[in-house]
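Okay, so here's the structure we're looking at.
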Amino acid sequence: AKFILKLVGEISDVELKTLEFLSEHHDDHEIIDTDKPSPEKEAMTSKERSTESLQELASFEKVGRDYLKLNSIELKRYLDTVREYQKKESLVAQIVDVADKLDGLGEALHEIRCGNIGFFDGYQYYRNHRLQNFESYPFWDNLKKNPKIGFEIGRAHV
Numbered sequence: 027a028k029f030i031l032k033l034v035g036e037i038s039d040v041e042l043k044t045l046e047f048l049s050e051h052h053d054d055h056e057i058i059d060t061d062k063p064s065p066e067k068e069a070m071t072s073k074e075r076s077t078e079s080l081q082e083l084a085s086f087e088k089v090g091r092d093y094l095k096l097n098s099i100e101l102k103r104y105l106d107t108v109r110e111y112q113k114k115e116s117l118v119a120q121i122v123d124v125a126d127k128l129d130g131l132g133e134a135l136h137e138i139r140c141g142n143i144g145f146f147d148g149y150q151y152y153r154n155h156r157l158q159n160f161e162s163y164p165f166w167d168n169l170k171k172n173p174k175i176g177f178e179i180g181r182a183h184v
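Positions in the sequence shown are counted from 1; adding 26 to them yields this note's numbering.
Listed below in structure tokens is the structure:
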């Protein structure tokens, strides 16, 4: 996420701390809920997504309270920050979202290159569908074309 941030531009110290925090904690709810694949999430109805979001938030709260042992003020800040991530409206949340998906693509490519073709369908899904969801992020076009990336994202080949 910090690499993407450097390519995108400057942010405040508060935003940087939020980016670092979300990079480490955006999937904390999976301790309770497990990870649902993106295709499964994207196939949900609006009502199902809303219910899923509330369930994730309840799991974040449990993790914050029971595992991270946050006091009430820290827990409120923690939950406010993960709500920000769930909405994906801020630059910081969008950068962490992109970094998370690119990390997943990298993991899938690693598995495929090591001979584990079971990851190929997931890789294809992300490459062909999930990356297109970032088109609404204002920095996405510039990021895709940045020469420091080494290739145009979405046009990589296995």
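Beta carbons: idealized from backbone N, C-alpha and C, even for Gly.
Give the single residue among D39, K43, E87, I37 whose Cα lies nearest to the Cα of I57. As a first step, residue 57 is located in the sequence shown; it is residue number 31 there, counting from the start. Of D39, K43, E87, I37, the residue nearest in Cα terms is E87.
Tell me whether E36 sits in a helix, a strand or coil according to DSSP, three-state version. Here the question's residue 36 lines up with position 10 in the sequence shown. If DSSP states are grouped into helix, strand and coil, E36 belongs with coil.
Beta carbon of V122, beta carbon of S49: below 8 angstroms? Here residue 122 refers to the residue found at position 96 when the sequence shown is read from its first residue. Here residue 49 refers to the residue found at position 23 when the sequence shown is read from its first residue. Yes.
Would DSSP call K28 helix, strand or coil? One-based indexing of the sequence shown puts residue 28 at position 2. K28 falls in the helix class under three-state DSSP.
Does the distance from the C-beta atom of G90 to that of Y104 stay below 8 angstroms? Sequence index remark: in the sequence shown, residue 90 carries index 64 (1-based). Sequence index remark: in the sequence shown, residue 104 carries index 78 (1-based). Yes.
Do you know whose CA, among S116, G130, L83, lies nearest L101's CA? Residue 101 sits at position 75 when you count from the first residue of the sequence shown. Ranking S116, G130, L83 by Cα distance to L101 puts L83 first.
Anticipated Cβ contact below 8 angstroms, K174 with L33, distance rounded: Residue numbering aside, residue 174 sits at position 148 when the sequence shown is read from its first letter. Residue numbering aside, residue 33 sits at position 7 when the sequence shown is read from its first letter. So it is a contact: roughly 6 angstroms between Cβ atoms.
Can you have a look at Y93 and say buried or exposed, based on whether 16 or more other CB atoms are within 10 angstroms of its CB? Numbered from 1 along the sequence shown, position 67 holds the residue referred to as residue 93. Looking at its Cβ environment, which holds fewer than 16 other Cβ atoms inside 10 Å, Y93 is exposed.
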